[in-house]
Each structure stands twice: as structure tokens, then as C-alpha cells.
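Its first residue numbered 5, the sequence shown is counted upward by one per residue in the numbering used here. Let me begin by presenting the structure, written as C-alpha cells, before commenting on it.
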Amino acid sequence: MGEGLKRKEYEALLEPLEEELVAMARWVAATGARICILFEGRDTAGKGGAIQAMSHVLNPRQCRVVALSAPSEREKGQWYFQRYAAHLPAAGEIVLFDRSWYNRAGVEKVMGFATGPDVDAFLRHAPVFEKLLIDDGMLLFKYWLACDQEQQEKRLHERLDDPLKRWKLSPIDLAAREQYGAYTKAREAMLEATHTRHAPWTLVDFNDQRLGRLTLIRDLLDRLPDTRVDPPALEMKPLDEKPAKEKFGIIAPIKPFPVP
């Protein structure tokens, strides 16, 4: 990545946080808590990597990642929050939004996909919508991942040159590249309207993505109640017989990958 925190150091620091995340998930299951986490930020800031760092150790039946595509024609005719509300967590679930209803205050505003009145209405309604969620007992966390334009440029060029990351780059990303200042202005307007006592924003520096992930996860865990729930006691008794080997009758496994 070419950034400050080296991989081995990062992995050593991440491991105890992963154990805390697993314990947190047990707590969510045991208490029926509902956790909803929004990941917002500039293109290339590192939302996907942060979500992966948090979710890969959790049970996918309990922890869901929501990354919605552009709205369909039918969805455009719905109440704006409707398609997001369908993905909110039920009891015992954790939902991570890779971008969220705040699209309207960011990309839709800057790139002209929403009108000025639509954006103004959203900024008025979002705090009300979030107050309803929180009053109903949901734990809502809103994170904005920040990075300088120099880092954004570096990561965009990396996506362009790396065939494994090329899918992350779209014409909209390239168009948005010219709007760094406009996104800053839109973010500040969003924060002014929606950084509330009941649903505050947390900004995390993601110029070093590895350090940013550690910072975000640590902040999240520190803001939750005591989540220490011991795993259920399990006993693995010795097998009655010698371990068996696989046997195949109808179909055999395919040939293994050729290793040099």
C-alpha cells in the first residue's frame, strides 16, 4: 500500500480487536441488540477494506454487508429511505452499510443526480429518520472515512493499473475525481445538518488505511456496552474409532491444481 503501518504490525494489532469483535457478535446474539454501521467517505478512502476487516471474522448469517446499486425506476418513486429501511438489522443482527442513505447528500448532490430541493429535504428528514431508529432501540454508528486528494489520486491510479482492482473504477469515479472541493463542501453541509446528539458522526483519518481500520474498530468497540459474553461450553470427546479416510463411489474428486 505504500503507507505508514506495515502489514505485520497491522495484523498483530488487529488480532486482539478481531477477538473483541467476535465477543461483540456473541453479545449481540445473546441480547438481541441491533447494530447498524454506516461507512461513508470519498472514493478510494477505504470503506470496503474497513468493512472487510470488521466482517470477515463474523458469522455471515448474523453480520450482513449492504451495498446497494443505483435505484430502479420503481425505487425512484418510493419514499427515499424505503429501500434502505428494508435492509436494517433485526434482533441479533449487525448490518454494515457500504454507503447508505447519505448518498443523497454526497454523490447525488455533487454529480447532479438529485435536485436542490431533494437534497434540502433529505438533510431535514435524515435526523428525524435516525431518531426513530434510535428511539426504537437500534444502535446506529455513522463513520466518515477521510483522505487527502494526493492519496485519492494515488489509489485511483492503482485501480487503473491493477487488473485485480480495475473493477473498482467507473466513469462516475473519474468524473467525481474533478470534484474534490465540491465533495468537501457537500460533506460540511451534511455534517452541519445531520451531526446530532442522538446520531453523531465520527470522522476517521484514512490516509493510512491500515491505521484507519484499527482506529475505527477500536472506536466502535469502545462505544458499545460491556460485550463480554463467554462462548457456550462445548466438549469434544475422543472418537470411538480411528479417523476415517474419504471414500468415493459414484464420482471421484478432480485432479489437484498443478503445483510447480
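By construction, the Cβ of each residue, glycine as well, lies at the ideal position given by its N, Cα and C atoms. A quick note: this is a predicted structure, and the numbers were derived from the prediction, not measured.
Burial state of residue i, where buried means 16 or more other Cβ atoms lie within 10 Å
i, result
"M240", "exposed"
"G50", "buried"
"T198", "buried"
"P64", "exposed"
"L168", "exposed"
"D139", "exposed"
"F85", "buried"
"A130", "buried"
"F126", "buried"
"R128", "exposed"
"E13", "exposed"
"F261", "exposed"
"G6", "Only weak support is given to the placement of G6: the predicted model assigns it a pLDDT of 43, under 50, and the value that follows is read from those uncertain coordinates. Classification for G6: exposed."
"F252", "exposed"
"R46", "buried"
"W83", "exposed"
"E19", "exposed"
"V263", "exposed"
"E196", "exposed"
"E245", "exposed"
Beta-carbon proximity check, residue i vs residue j, cutoff 7 Å
i, j, result
"V208", "W31", "no"
"A16", "G110", "no"
"W148", "E22", "no"
"I221", "M28", "no"
"T48", "Q156", "yes"
"E315", "Q66", "An answer regarding residue 315 cannot be provided, because it is not within the stretch 5 to 264 covered by the chain."
"G36", "A89", "no"
"I41", "F145", "yes"
"V26", "R68", "no"
"R181", "K172", "no"
"D212", "L62", "no"
"P93", "R159", "no"
DSSP three-state assignment for residue i, whether helix, strand or coil
i, result
"Y147", "strand"
"G6", "For G6, the predicted model reports a pLDDT of 43, less than 50, meaning its position is unreliable and no value from the coordinates is stated."
"P260", "coil"
"V61", "coil"
"I255", "coil"
"V233", "coil"
"W205", "strand"
"R108", "helix"
"R46", "coil"
"R103", "coil"
"E250", "coil"
"E79", "helix"
"E23", "helix"
"E245", "coil"
"E192", "helix"
"E97", "strand"
Residue-level contact to chain D via CB, residue i, 7 Å cutoff
i, result
"V132", "Given the protein chain composition of this structure (a single chain), no chain D is represented."
Cβ-Cβ separation, residue j to residue i (assumed contact under 8 Å), whole Å
i, j, result
"V114", "A186", "5 Å"
"H202", "E250", "About 56 Å separates the two Cβ atoms, so there is no contact after all."
"G52", "D102", "6 Å"
"D223", "T206", "6 Å"
Within the chosen definition, does the region 55 to 72 reach the region 115 to 127 through at least 3 CB pairs nearer than 8 Å? no
Would the region 151 to 160 count as touching the region 197 to 216 if we require 3 or more Cβ pairs under 8 Å? Yes, since at least three Cβ pairs between the region 151 to 160 and the region 197 to 216 fall closer than 8 Å, the two stretches touch.
Would you call the region 168 to 180 in contact with the region 75 to 82, where contact means no fewer than 3 C-beta pairs closer than 8 Å? no
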